[in-house]
Amino acid sequence: MATTSTIDDGDSGDAAPVNTAALARARRQRILAWVLPIATLAAAVAFWEFWVWYKAIPHFLVPAPSRIWATLMVDGPSLMRSAWFTVRLTFWSLFLAIVGGVLLGALFALSRPIEMSLFPFAVILQVTPIVAIAPLILIYVHNTFAALLVCAWLVAFFPILSNTVVGLRSTDHNLRDLFTLYRATPWQRLRLLLAPSALPYFMAALKIAGGLALIGAVVAEFVAGATGANTGLASRIIESSFRNEIPRMFAALVLVSLLGVAIFLMTSLASKLVLGKWHESEIKRES
Amino acid sequence: MTAPLIRLDRVRKEFGRHVLAVEDMSLTIDRGDFISFLGPSGCGKSTALKMIAGLLPVTAGTIEIAPPEEKVEQDLGFVFQEPTLMPWGTVFDNVWLPLRLAGLSRRAAAERVRAALVEVGLSKFEKSYPRELSGGMKMRVSIARAMVTRPRILLMDEPFAALDEMTRSKLNNDVIRLAHEHKLTVIFVTHSVFEAVYLSNRIAVMAARPGRVVADLTVGAPWPRGEEYRVSPEFSAEAARVSEVLKGTLHGDDIDH
Numbered sequence: 356m357a358t359t360s361t362i363d364d365g366d367s368g369d370a371a372p373v374n375t376a377a378l379a380r381a382r383r384q385r386i387l388a389w390v391l392p393i394a395t396l397a398a399a400v401a402f403w404e405f406w407v408w409y410k411a412i413p414h415f416l417v418p419a420p421s422r423i424w425a426t427l428m429v430d431g432p433s434l435m436r437s438a439w440f441t442v443r444l445t446f447w448s449l450f451l452a453i454v455g456g457v458l459l460g461a462l463f464a465l466s467r468p469i470e471m472s473l474f475p476f477a478v479i480l481q482v483t484p485i486v487a488i489a490p491l492i493l494i495y496v497h498n499t500f501a502a503l504l505v506c507a508w509l510v511a512f513f514p515i516l517s518n519t520v521v522g523l524r525s526t527d528h529n530l531r532d533l534f535t536l537y538r539a540t541p542w543q544r545l546r547l548l549l550a551p552s553a554l555p556y557f558m559a560a561l562k563i564a565g566g567l568a569l570i571g572a573v574v575a576e577f578v579a580g581a582t583g584a585n586t587g588l589a590s591r592i593i594e595s596s597f598r599n600e601i602p603r604m605f606a607a608l609v610l611v612s613l614l615g616v617a618i619f620l621m622t623s624l625a626s627k628l629v630l631g632k633w634h635e636s637e638i639k640r641e642s
Numbered sequence: 066m067t068a069p070l071i072r073l074d075r076v077r078k079e080f081g082r083h084v085l086a087v088e089d090m091s092l093t094i095d096r097g098d099f100i101s102f103l104g105p106s107g108c109g110k111s112t113a114l115k116m117i118a119g120l121l122p123v124t125a126g127t128i129e130i131a132p133p134e135e136k137v138e139q140d141l142g143f144v145f146q147e148p149t150l151m152p153w154g155t156v157f158d159n160v161w162l163p164l165r166l167a168g169l170s171r172r173a174a175a176e177r178v179r180a181a182l183v184e185v186g187l188s189k190f191e192k193s194y195p196r197e198l199s200g201g202m203k204m205r206v207s208i209a210r211a212m213v214t215r216p217r218i219l220l221m222d223e224p225f226a227a228l229d230e231m232t233r234s235k236l237n238n239d240v241i242r243l244a245h246e247h248k249l250t251v252i253f254v255t256h257s258v259f260e261a262v263y264l265s266n267r268i269a270v271m272a273a274r275p276g277r278v279v280a281d282l283t284v285g286a287p288w289p290r291g292e293e294y295r296v297s298p299e300f301s302a303e304a305a306r307v308s309e310v311l312k313g314t315l316h317g318d319d320i321d322h
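So the sequences go chain by chain: S and D.
The opening position of the first sequence corresponds to residue 356 in this note's numbering, with each subsequent residue numbered one higher.
The opening position of the second sequence corresponds to residue 66 in this note's numbering, with each subsequent residue numbered one higher.
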């Protein structure tokens with residue numbers, strides 16, 4: 356874990372006297388950071404369970420957590436198949452959003468005329484709600500997976516595009532001069548200067564796009580599910596609602612949430628790994 | 066010592082149609098000169114430096130630099146006002162950069178990078194990241210990076226303006242030592258009379274609107290110099306003389322800063 360400290364002129368780098376009280380406080384903080392959210396979550400679930408039992412709420416209105424868990428166990432295999440579909444859809448769209456966003460962003464950063472010509476298209480695609488476009492895409496694209504992929508991609512790719520453009524343009528101008536002075540080739544300039552400068556912006560976009568890819572996938576599946584196609588978790592939620600199987604709706608919902616949390620943790624971890632050593636956003640300050 | 070090392074002939078720089086940053090600047094700089102460009106902000110001293118480095122095109126006039134006797138990766142070292150380090154790279158990576166851009170691998174460059182870090186007293190910090198260093202140390206990394214290609218000419222653009230007085234005078238001594246040991250020709254841009262007098266054996270005093278050289282002064286004190294010069298009566302007298310010249314160049318509206 357990176358920590359920040361300033362080494363002063365002439366300092367031989369001796370370890371500072373260990374402050375045991377501060378260390379203990381830091382350890383307590385670390386433990387609390389895990390214990391508190393888990394405890395709160397557990398308490399909320401316990402209260403939910405208790406309330407459903409206490410008020411005798413029928414499970415077709417609000418199922419108790421234990422019932423949702425039981426449903427997950429029974430329907431597990433079939434739900435997992437749907438979950439796998441949503442996972443593939445989400446990650447493919449995220450992957451293609453990264454490829455498309457970075458390539459197009461690099462192109463925009465290289466050429467203002469290209470940016471000016473193509474940016475309106477990107478904006479129109481971004482501001483038009485995906486629910487409104489999805490039915491059309493489902494009509495035009497026959498392969499359901501491909502159609503859903505297009506929808507999820509449209510939602511996820513814009514933040515990557517715009518942040519890549521900003522990131523590539525945010526290079527320190529003195530560093531650019533330095534690269535000119537030492538006659539850097541365009542490739543060296545891209546690899547050693549532009550890419551690292553853009554990286555913090557890209558990682559911020561990745562965190563947003565990860566969540567958006569899942570939202571795009573779920574929304575697209577909903578639209579597809581409404582037309583009867585059996586796809587991923589979202590279409591299972593629709594199907595279960597048609598059949599009034601509320602516990603299964605919750606079970607599928609739990610899986611969608613878990614997937615979202617997993618994506619969030621993955622993108623956060625990636626950001627920490629890539630930027631942890633040098634960028635302010637990922638550096639832990641000693642207090 | 067035949068032909069001058071650097072010759073500026075009626076160099077002119079216009080920004081847009083209305084801003085004349087440098088007006089017909091002519092100057093010859095010999096090998097081993099330590100010359101300061103001294104003047105108020107807006108006098109075109111940084112612009113002149115960037116044109117000499119080839120980072121800005123001249124609008125008119127010529128800048129000639131005698132070709133180096135031996136081939137080096139870059140004959141010019143440039144130190145910016147800010148340390149201008151890559152925050153994502155360690156101290157080693159930053160000093161390696163000029164050699165890396167010239168195609169030297171980490172291993173091939175290692176010896177020279179470490180030698181440059183020894184010169185600025187940072188050999189223990191090659192694995193540190195810039196954010197872990199103080200302002201003065203970052204500046205020393207920047208100087209090591211400029212020195213790593215073994216240039217003949219070192220261009221410095223107000224490098225110590227943002228540093229505290231103690232660090233600044235320490236770094237002044239480092240620059241004198243490096244310039245002396247490596248027989249560098251240094252062009253040092255500054256707005257501090259004391260810094261210019263302490264460091265250089267020549268001072269080009271510049272005036273603003275339009276930017277131009279108004280006086281080419283010689284600082285006679287023996288060179289290289291040390292702390293004893295800073296407290297000597299000659300230093301005070303020299304500083305007073307240069308201040309007078311500089312004051313004569315200022316327009317009424319420049320006095321406020």
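Note that the Cβ used here is the ideal one computed from N, Cα and C, for glycine as well.
Residue Gly-97(D) holds the alpha-carbon nearest to the alpha-carbon of Leu-70(D) among Ala-125(D), Gly-97(D) and Tyr-194(D). Residue-level contact by beta carbon fails for Thr-526(S) and chain D, as no gap is shorter than 8 Å. Of all residues in the stretch 95 to 116 of chain D, those with a C-beta nearer than 9 Å to a C-beta of chain S are Lys-115, reading in chain order.
Per DSSP, reduced to three states, the secondary structure at Leu-150(D) is coil, with no helix or strand assignment. In the DSSP secondary-structure assignment, Val-87(D) is bridged to Lys-78(D). Chain-ordered, the chain S residues with CB closer than 8 Å to the CB of Pro-152(D) read Trp-633 and His-634. Taking a Cβ-Cβ cut-off of 7 Å, the neighbours of Pro-163(D) in chain S comprise Tyr-537, given in sequence order. In the three-state reduction of the DSSP assignment, Ser-101(D) falls in the strand class. Taking all protein chains in view, the Cβ of Gly-285(D) is surrounded by fewer than 16 other Cβ atoms within 10 Å, so the residue is classified as exposed. Looking at the DSSP output, Ile-71(D) sits in a beta bridge with Ile-94(D) and Ile-130(D). Counting the other Cβ atoms within 10 Å of the Cβ of Thr-582(S) gives fewer than 16, which makes it exposed.
In this model, Leu-387(S) and Glu-184(D) are separated by some 47 Å (Cα to Cα). Per DSSP, Val-400(S) lies in no beta strand (DSSP E); the unbroken alpha helix (DSSP H) holding it starts and ends at 375 to 409. Note on geometry: alpha-carbon atoms of Val-144(D) and Leu-114(D) lie some 11 Å from one another. Among the residues of chain D, none has a CB under 9 Å from the CB of Gln-384(S); the nearest is roughly 22 Å distant. For Arg-295(D), the secondary structure class from DSSP, reduced to helix, strand or coil, is helix. Shown here, Phe-450(S) sits in a helix according to DSSP, grouped into three states. Here the C-alpha atom of Trp-406(S) lies approximately 9 Å from the C-alpha atom of Ala-419(S). Listed in chain order, the non-local C-beta contacts of Asn-374(S) below 6 Å within the same chain number zero, local neighbours out to five positions each way being set aside. Per DSSP, the unbroken beta strand (DSSP E) holding Val-144(D) starts and ends at 141 to 144. Chain S has no Cβ within less than 8 Å of the Cβ of Tyr-294(D).
Beta-bridge pairing by DSSP links Ala-173(D) to no other residue.
Between Thr-250(D) and chain S, the shortest Cβ-Cβ separation is not below 8 Å.
In the structure shown, the three-state DSSP call for Ala-419(S) is coil. Excluding its 5 nearest sequence neighbours in each direction, Arg-215(D) has C-beta neighbours in its own chain below 7 Å: Val-137, listed in chain order. In this chain, the beta strand (DSSP E) harbouring Ala-272(D) covers 267 to 272.
If you ignore the 5 residues before and after Ala-68(D), its C-beta comes within less than 7 Å of the C-beta of Ala-131, all in its own chain and listed in chain order. Counting along the chain, Asp-222(D) sits inside the beta strand (DSSP E) bounded by residues 218 to 222.
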